[in-house]
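To start, the structure itself, in structure tokens.
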Amino acid sequence: MSAPGIRSARTARRLTAAALALATAGAVLGPAAGGQAATSDAAPGAPVVHADPHPGYARTVSGTLVKVDTTRHTTPVHPTVATHPQLDHMGSTIPAHEPSARSAVRPAVAPNSVPQLPGIDISAYQGTLNWASIAPNIDFVYAKASEGTYYTNPDFYNQYVGPYDQGLIRGSYHFANPNDSGGATQADYFVDNGGGWSSDGLTLPGMLDIEYNPYGSECYGLNRSQMTSWIWDFVNEYAARTGVYPVIYSTTDWWNTCTSGDPGFANYDPLFIANYAASGGGPLPPGWGYYTFWQYADSGSEPGDQDVFNGPYSQLQVLARNG
């Protein structure tokens, strides 16, 4: 299909997805059963999930979105930890630790020859974006919502609600700082500041961005067992709060260096692998037989980091609908 044809097809399905999301907003939905290739199982005993297309915001009678989360930006920055949270984003620490990452390549077709859909991930570093011009060229976006328990993205409204209003499938992510507080505490902070999930067909499960420490030792002063426990605490608390397990973003090198390599995460959490040097995502952490998302470059034709989803659009919709 030609480039104009691809853009037209994206526009058509975005409009269809947006119409469906609006039609189902506010419905009471239970966690979905697992079993889909690119999705996670529902959390055992998870609460009923109420569909909310804009977590942290509400519509007035006139249809205007207004912020309803009064806790945003109220927690002071930890004086000894975070000096530049606005600069931390998915992959921001990789070049300093994995020099080969600088030789970025365009992704090749995966071994199973499934379609790979283009997407991006963004943060306050990109600022306010024109989604009407970006939407025809991508299929999904992840936007940074929070970091530690001390930072929320000041551009989150534009970067999270903007894609939704264009019918783009979107999600939010949390930049972990295990030096700051426990995993469950940070999961709560994330959910309370834009990291929620709703089964509206346009909202992906929230994502845990766990990578090299931008403020000190690469494993945040934790041993492998402690780090693994920290991640499980985050994952389980997020599942308890939202009814779905989060996506996990990391690099294979960091994961093998800083965690115990517990393969159990692969049973619950879709993998967002970062690898700028290898074709096809490269070697994966223990347990994961495939990646769900792949960040393959830190720049490209669209704003932010350049990503792909490992499957057709229908499967991306399943992940957004069922978690």
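Going letter by letter, the sequence shown gives residues -37 to -1, 1 to 286 in mature numbering (1 follows the signal peptide of the UniProt record, and there is no 0). In this text, a Cβ means the ideal position worked out from N, Cα and C, and glycines have one as well.
* **Among T191, I194, Q129, nearest to L92 - alpha-carbon criterion** => Comparing Cα-Cα distances from L92 to each of T191, I194, Q129, the minimum goes to Q129.
* Proximity winner among G274, F153, S96, relative to T255 (alpha-carbon distances) -> With distances taken between CA atoms, T255 lies nearest to G274 out of G274, F153, S96.
* To do: Using beta-carbon positions only, say whether Y123 and G157 come within less than 9 angstroms of one another.
  => Contact flag set, yes.
* Drop a sphere of 10 angstroms on the beta-carbon of P246, count the other beta-carbons inside from all chains shown, and report buried for 16 or more, exposed for fewer. => Classification of P246: exposed, given that the 10 Å Cβ count is below 16.
* Y118 versus G125: straight-line alpha-carbon distance, rounded -> Correcting the residue identity first, residue 118 is Asp in this sequence and not Tyr. Near 10 angstroms, if we compare the C-alpha coordinates of G125 and D118.
* Would you call the segment 191 to 200 and the segment 214 to 228 touching, i.e. three or more CB-CB distances under 8 angstroms? -> Taking a cut-off of 8 angstroms for Cβ pairs, the segment 191 to 200 and the segment 214 to 228 touch, as three or more such pairs fall below it.
* To do: Would you tell me roughly how many angstroms separate the C-alpha atoms of T205 and T(-22), rounded to the nearest one?
  => Their Cα atoms are separated by approximately 25 angstroms.
* Asked: What are the complete alpha helix (DSSP H) segments, minimum 4 residues, inside the segment 108 to 134?
  -> Counting whole runs of 4 or more residues, the segment 108 to 134 contains the alpha helix (DSSP H) stretches 125 to 128.
* So, using beta-carbon positions, are D143 and T112 closer together than 9 angstroms? -> Taking 9 angstroms as the cut-off, the Cβ atoms of D143 and T112 count as close.
* **Distance, A(-26) Cα to Y178 Cα** => So the two alpha carbons sit approximately 44 angstroms from each other.
* Out of curiosity, what's the CA-to-CA distance linking G159 and Q149? -> Distance between the alpha carbons of G159 and Q149 is about 13 angstroms.
* Out of curiosity, what's the CA-to-CA distance linking residue 287 and I85? -> The chain is shown from -37 up to 286; residue 287 falls before or after that span and cannot be answered.
* Alpha carbon to alpha carbon, what distance is there between A203 and Y259? -> Their backbone Cα atoms lie some 31 angstroms apart in a straight line.
* **For D261, three-class secondary structure by DSSP** => Residue state, collapsed to three classes: coil.
* Tell me the DSSP bridge mates of I83? -> Its beta-bridge partners are V104, Q269.
* Residues in its own chain within less than 6 angstroms of W257 by CB, not counting five upstream and five downstream? -> Counting only Cβ-Cβ distances below 6 angstroms, and skipping sequence neighbours, we find I236, G244, V271.
* **I132 vs E265 beta-carbon contact at 9 angstroms** => In this structure, I132 lies away from E265, with their beta-carbon atoms at least 9 angstroms apart.
* Asked: To the nearest whole angstrom, what separates the beta carbons of L171 and Y212, a pair I think is in contact under 8 angstroms?
  -> Contact between L171 and Y212 holds, with the beta-carbon distance rounding to 7 angstroms and staying under 8 angstroms.
* To do: Please state whether DSSP places A283 in a helix, a strand or coil.
  => Shown here, A283 sits in a helix according to DSSP, grouped into three states.
* To do: Below 8 angstroms CB to CB, which residues in the same chain sit around P168 once its five sequence neighbours on both sides are set aside?
  => For P168, the CB contacts under 8 angstroms within the same chain, skipping 5 residues up- and downstream, are S3, G134, W160, T205, V207, Y208, P209, V210, P233, L282, G286 in chain order.
* Would you mind sorting G184 into buried or exposed? The rule is 16 or more other CB atoms within 10 Å of its CB. => Here G184 is exposed, its C-beta having fewer than 16 other C-beta atoms within 10 Å.
* State the beta-bridge partners of S144 as determined by DSSP. => S144 pairs with nothing; no bridge assigned.
* **T220 (DSSP reduced to helix, strand or coil)** => Note: T220 maps to helix in three-state DSSP.
* F197 lies in the alpha helix (DSSP H); which residues open and close that run? -> From DSSP, the alpha helix (DSSP H) with F197 extends over 187 to 205.
* Applying the criterion that 16 or more other CB atoms from any shown protein chain within 10 Å of the CB defines a buried residue, is A95 buried or exposed? -> That one is exposed.
* **Alpha carbon of A98 to alpha carbon of H137, nearest angstrom** => For A98 and H137, the distance between alpha carbons rounds to 23 angstroms.
* Asked: If we ignore side chains and look at the alpha-carbon of each, how far apart do S188 and I173 end up?
  -> In this structure, the alpha-carbon of S188 lies about 15 angstroms from that of I173.
* Asked: Nearest to Y88 by alpha carbon, out of L165, N121, I101?
  -> Here the closest residue by C-alpha is N121.
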